[in-house]
Every structure is written in C-alpha cells, then in structure tokens.
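Protein chains in written order, with the working numbering: chain A, 201 to 424; chain B, 201 to 424.
Number of protein chains: 2
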Amino acid sequence: MNLLNPKMAVAVDLVVFTVAARSLQVLLTQRQEEPFKNLRALPASIIHLSETLDEAARRILRMIAKSENVYLEQLYSFSHPRRDPRGRVVTVAYFALVKAEKVALIPQSSAIWYPIDALEKLAFDHQEIIQYALERLRNKLEYTTAAFQLLSQRFTLSELQGIYEIVLGKKIDKRNFRKKLKALNILKDCGMVKREGNHRPARLYTFSEFRFIKLRDRGILFPF
Amino acid sequence: MNLLNPKMAVAVDLVVFTVAARSLQVLLTQRQEEPFKNLRALPASIIHLSETLDEAARRILRMIAKSENVYLEQLYSFSHPRRDPRGRVVTVAYFALVKAEKVALIPQSSAIWYPIDALEKLAFDHQEIIQYALERLRNKLEYTTAAFQLLSQRFTLSELQGIYEIVLGKKIDKRNFRKKLKALNILKDCGMVKREGNHRPARLYTFSEFRFIKLRDRGILFPF
DNA sequence: GCAAAAGTGTTCTGTCTACACCCATGT
DNA sequence: ACATGGGTGTAGACAGAACACTTTTGC
C-alpha cells in the first residue's frame, strides 16, 4: 500500500492576537496573487517535509515579525476539500499571543494589525478560523494566566483589568478584580510606579511564575 | 508555485472511549503488517481526497463498529516528521464516546476494547495520543454533559455517578452529587425502576436536552 | 433477618457580587 | 481648585464539602 497521496498539502495558518489602543487586534497579510488577490489573509505556509507543525508556526511568525517570548498553541484543523481553490490543503490553525510593543513587523511581509471588530472580507475560510481562535482566547483568559502574555513584564492593575475587559467584551468591577488577584497571590509588587497623565501614579507589578505554579499544582484556577 | 507536496499524507486516528465493567476502555486494532506488526494501534486511515477530517473519522468508525449516535470531536494534530517510518504522515486525532452496549464490533476489523489502565506497548505515537485524549475526556466531563454519551438513554443516578468516578478516578459524595443534579434540573424521571440484585430498585432517568440547552444559554456549567 | 445498594438534609465555609468614597498627581 | 484615574472594605447571596441514617428489595 502506498500511503502518500500526491494531491494533498498540509498548511499552518496563524492567528496572532495583541491588544493595543484599547482593542483586540489580529495580524493579517495581504494576498499578492490569486486566489483572493488583494484580500487580507492570515499568515500561513505549507509545512516543510522535516518540520513539525509547531516549528512551521514559529517559522511563519518569524517571516512576518521580529518578536520574543511568544505564546503559541495549536488551535484546530480545517479540512473542507475546496477551502483552497488550488487543490486539497488541510490547514492546522495556531493561535498566538504577543505583547504589542515587543513586536516589530517586517515591512516587506505586508503584515499589519487589524482590530478584530472591524474586519473586512478575508481570503479562504479565515474568518471562520479567527472566530474559532477568538472563542479559544476568551476561554484561555478565563481559566489560565494567558492575559499576562498580552502585557509587558511590568504592568499596572488597571492595564491587566483592561486586557480582560477588552478581550471578554465586558466591564469588570475594579474592587472585586483586585481582591481576587490579591487573594491568588500571583503578582509581585515591583516597588515602582508608572506616572502618566494628571492623576495618581499606578503601582507596577510582575507576574510571579513561581507562585503561579504552586497554585496550579493545587488545582486552583482563574475565574473572571 | 506548486502547493502540493507529493511526499506527505494526512491521516485520522480515532480514540474511542467507553465505560464497561467499571473501567474506562479504549478501542484498539491489531497491526497486521509492518511497521509495528502485531502491536495494538488506534483505528486510523489516510483521508480521502474529497472528504473532510470529520467525514474520515466517521468512515473509520464505521469500518470497525456498527454504532449509532456517537459523540465525536477533533482532538489535536500530531506531526513529528518520523512518527511513521514509512513517510511523512501528519495525523489528526479524534476522540469519540460510545455507549458500550450500543456498539457491535466488526469481527474482521480485529478491534477490541482495552482497559485504559492496562495498556501494553502501542504502535506509533499512539500512547501519547491516548494520553492527550484522556485529559480532554476528563475536562469534558467536568464542564459539559459528555457523561451522558457514555450511558444508555435510561440510567440510574448510581450509574451516572459511576461514570464520573471511573473517568475522573476519584470518589464522589452521593448526596452532594444528587443534590447538584437535582438543582441543575436536567434529568427527567422516567417513572420506571431498574431491579437488579437483592436491594432496593433504582429510579431510571433520562437526560433532558431541552432543559440543558436552557441552562447552557444562561452560561451554567457542570462542576464535578 | 440480613446483606446490599437506593435514597435523603443540614451545617459550615469560602467565594462571588454589588456598591461609593478618598488619594495622589498634573495643569 | 479641579480633573483624572489609582486605590480601598463590607454585607448578603450562593455554592461546595463534610457527614450518617433509613428504605426497599432478594435471598
């Protein structure tokens, strides 16, 4: 039996999220050729023969942006036989979280940030893939520490709360939010403040991976 | 640019779970040829050119068992370049939940049930895939109604509790379990009993999809 | 009558929600 | 002095965990 089907390809599509300007943004490239020429599309590539899907995802990310410490996870595989008019392409979607100010887009890649709530028509089934990624992101935020992946190392409590409000699309009570974080004991006060605007300066915190791991091992989660 | 890489194949592997004899079981076939000849392996197949991954998963299931109303969902894609010694095969794993007594295994498929806690060495990376599926199953049970997929239409509360105890691998308090189910109001008393052994007969219930949907739309989940 | 599983409530504790005012700064 | 966001506590409702005895049946 010959396993190998010469008419099939495997691709990786990337849904890269960031939060900037008080809105959730996704990284899109512009199609330079048919099909879907000139439409926006997710960064993607056919995988190479000797790389894993994860490696392909990192490679694609490097092609469009210089970045570090990127959170990346596999999302879902999309397989409609005619999702790509050129032939049979099964694509494995990945989703990534980056800190807006730590990412330098590579100009010749044509990649730019788009607010998630003002997307135009996209190439292929990419609208569906983004929708799926968005649901996953919201779930992640609700019971993991994914939110810290969207902030720089030091952040204020208001910035952190903003991430939750922007991604989940709802207001959160300030006192309850802070009370819960204090109880979880996963933040460390840096002893510094952030001065900005004509108001009281805000304390800066860092996420304490060490304290978090102790909690996780006791099965404690993050219900926001 | 030619998209299609002639040296790659996409497969679907199935992790089919059931609960029987107070243990969690998984469906395995026996390899008839190299590689891994005579070892147990997950049911699998290369996908056809014009079927989706979901369709391939259903087709594989039909090849090994006659069954109905099977819960099926995509799990994860495994892609190590040398996971199959014959060539590059990216596999998309699916996981399925079936009611033991509603499944008729097809004899010539060599498929049989194996208790999850007494697995021998398996072909390919199938041990890893099963491990991943098991984690997903436990999560599913904790905040969805997946447990009902493992029981016949009518069941007793003790049978339902047994599913949770067997899959999660821990004892649950009978009174708390029943109190929560009563509060959730997703079960309907059939007005029948199950007589069995020398003890009081047990009431039979059915899962009320209708009541469940009303709850789910209010965002109410199932924390066991 | 006895073995075996079915069935049933209360108390305690911890967590979530709702809610309003003072503080520190820049202009 | 005023505008702006930073920072703080309490009370009530609800949900989870611990815990033991009575009921109904087959033999």
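We treat Cβ as the ideally placed atom computed from N, Cα and C, and that holds for glycine. Nothing here was measured: the structure is a model prediction, and the numbers come from that model.
- For Val215(B), no CB of chain A lies under 8 angstroms from its own CB, so it is not counted at the interface with that chain.
- A distance below 8 angstroms separates the beta carbons of Arg338(A) and Val367(A).
- Along the segment 268-301 of chain A, going in chain order, the ones with a CB nearer than 8 angstroms to a CB of chain B are Gln274, Tyr276, Ser277, Ser279, His280, Pro281, Asp284, Arg286, Gly287, Arg288, Val289, Val290 and Val292.
- Leaving aside the five residues that flank Lys266(A) on each side, the residues in its chain whose CB is nearer than 6 angstroms to its CB run, in chain order, Ala304.
- Each of Arg222(A), Ala296(A), Leu357(A) and Gln331(A) was checked against the Cα of Asp254(A), and the nearest Cα belongs to Ala296(A).
- Val367(A) carries a helical assignment under DSSP once its states are collapsed to helix, strand and coil.
- Membership of Lys388(A) in any alpha helix (DSSP H) is not indicated; the residue belongs instead to the beta strand (DSSP E) covering Leu387 to Lys394.
- For the segment 360-385 of chain A, the set of residues with a beta-carbon nearer than 8 angstroms to any beta-carbon of chain B is empty.
- In the three-state DSSP reduction, Arg338(A) falls in the helix class (H, G or I).
- Listed along chain B, no residue sits closer than 9 angstroms to Thr229(A) by beta-carbon distance, the nearest being about 15 angstroms off.
- DSSP places Glu409(B) in the helix class (H, G or I) of the three-state scheme.
- A residue is called buried when at least 16 other Cβ atoms come within 10 angstroms of its Cβ; Ala323(A) meets this threshold and is buried.
- For Ile260(A), there is no enclosing beta strand (DSSP E); the enclosing alpha helix (DSSP H) covers residues Leu253 to Ile264.
- For Lys371(B), the CB contacts under 8 angstroms within the same chain, skipping 5 residues up- and downstream, are Glu365 in chain order.
- Taking a cut-off of 8 angstroms for Cβ pairs, the segment 218-231 of chain B and the segment 223-231 of chain A do not touch, as fewer than three such pairs fall below it.
- Interface with chain B (8 angstroms Cβ-Cβ cutoff): Met208(A) is included.
- Comparing alpha-carbon positions, the option among Thr252(A), Ile386(A), Glu320(A) and Glu409(A) lying closest to Arg240(A) turns out to be Glu320(A).
- No residue range can be given for Ala346(A), since it is assigned to no alpha helix (DSSP H) and is classified by DSSP as neither H nor E.
- When the five nearest sequence neighbours on each side are left out, the beta carbons in the same chain lying within less than 6 angstroms of the beta carbon of Phe377(A) are those of Gln361, in order along the chain.
- Around the Cβ of Val393(A), a 10 Å sphere holds fewer than 16 other Cβ atoms; the residue is exposed.
- Contact of Glu251(A) with chain B by beta-carbon distance below 9 angstroms involves Ser279 and Pro281.
- Nearest C-alpha to Ile306(B) among Met263(B), Glu328(B) and Val270(B): Met263(B).
- Straight through space, the alpha carbons of His326(A) and Ala257(A) are spaced by roughly 16 angstroms.
- The three-state secondary structure of Ile372(A), taken from DSSP, is coil.
- When DSSP states are grouped into helix, strand and coil, Ile330(B) belongs to the helix group.
- For Glu273(B), the pairing in a beta bridge is given by DSSP as Phe295(B).
- Distance check between Arg286(A) and each of Arg375(A), Leu350(A), Pro235(A) and Glu409(A) places Pro235(A) closest, using alpha-carbon atoms only.
- For Leu239(B), the secondary structure class from DSSP, reduced to helix, strand or coil, is coil.
- Taken atom to atom, the span from the alpha-carbon of Glu273(B) to that of Arg336(A) is near 15 angstroms.
- Secondary structure note for Phe217(A): its beta strand (DSSP E) is the uninterrupted segment Met208 to Ala220.
- Non-local C-beta neighbours of Ala347(B) in its own chain, meaning closer than 7 angstroms and more than five positions away in sequence, comprise Leu341, Leu360, Ile363 and Tyr364, ordered along the chain.
- The beta-carbon distance between Tyr343(A) and Leu275(A), rounded to whole angstroms, is 17 angstroms. This is too long to meet the 8 angstroms contact definition.
- The residue from Val289(B), Glu251(B) and Leu242(B) with its alpha-carbon nearest to that of Ser250(A) is Val289(B).
- Ala244(B) carries a strand assignment under DSSP once its states are collapsed to helix, strand and coil.
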